[in-house]
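Novice: Whatever position you read off the sequence shown (first residue = 1), add 526 for this note's numbering. All C-beta atoms, glycine included, are put in the ideal place defined by N, C-alpha and C. These numbers were taken from a predicted model, which means no experiment stands behind them.
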Amino acid sequence: MGQVHSSGAVIVCAPHTSNVDYLLMLLVAATRGMKLSFLGKASLFKPPLGILMRATGGIPVDRSAANGLVGQMVEAFERDPNMNLAVPAEGTRSRAEAWKSGFYRIAESAQVPIT
Numbered sequence: 527m528g529q530v531h532s533s534g535a536v537i538v539c540a541p542h543t544s545n546v547d548y549l550l551m552l553l554v555a556a557t558r559g560m561k562l563s564f565l566g567k568a569s570l571f572k573p574p575l576g577i578l579m580r581a582t583g584g585i586p587v588d589r590s591a592a593n594g595l596v597g598q599m600v601e602a603f604e605r606d607p608n609m610n611l612a613v614p615a616e617g618t619r620s621r622a623e624a625w626k627s628g629f630y631r632i633a634e635s636a637q638v639p640i641t
């Protein structure tokens, strides 16, 4: 992980290959004094797991929302301009040959740096 931003940033992370990844990511962030937010599909945020997901920085994503993922994340940055958002470059747990552009579109639309 790079520098902790005081004004918020999109942080491009290593590939997301298992459900344990987010726990390791949060542990590393905590050791560096960094509060990190991450994305998760909305169905993961139902009780009881949802309580833990939100408490650890999770942001539920409704894939069927009219404003789409980028719009939802722009709104999240408007609510918390100092948010540091971790986004896996591949955008999925499945192996991908190329990075997806979601992290770039979020950063560009929210006008925050990519780290």
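Does the beta-carbon of E643 have 16 or more other beta-carbons within 10 angstroms, so that it is buried, or is it exposed?
Specialist: Only positions 527 to 641 of the chain appear in the structure, and residue 643 is not among them; the question remains open.
Novice: Would you give the residue range spanned by the beta strand (DSSP E) that F564 belongs to?
Specialist: Start and end: S563 to K567.
Novice: Flag this pair as yes or no: are the beta carbons of L562 and M551 separated by less than 9 Å?
Specialist: Yes, Cβ-Cβ distance for L562 and M551 is below 9 Å.
Novice: Our contact map puts N608 next to G534 with C-beta atoms below 8 Å; I'd like the distance itself, whole angstroms only.
Specialist: Correct: roughly 5 Å between the Cβ atoms.
Novice: Less than 6 Å between C-beta atoms, sequence neighbours within five positions excluded: which residues of the same chain meet that for S544?
Specialist: Cβ neighbours of S544 beyond the five flanking positions: none.
Novice: Assuming A615 contacts F629 (C-beta within less than 8 Å), just tell me the rounded distance between them.
Specialist: Their Cβ separation, rounded to whole angstroms, is 6 Å, which keeps A615 and F629 in contact under 8 Å.
Novice: Which class does V475 belong to by DSSP, given the choice of helix, strand or coil?
Specialist: Absent from the model: residue 475. The displayed extent of the chain is 527 to 641, so no value can be given.
Novice: Buried or exposed: where does L575 fall if 16 or more other Cβ atoms within 10 Å of its Cβ makes it buried?
Specialist: L575 comes out exposed.
Novice: Is it the case that the Cβ atoms of P497 and K567 are separated by a distance below 9 Å?
Specialist: Past the edges of the chain, shown from 527 to 641, lies residue 497, and the structure says nothing about it.
Novice: Suppose you measure from the CA of L553 to the CA of G559; what does that come to, to the nearest Å?
Specialist: So the two alpha carbons sit approximately 10 Å from each other.
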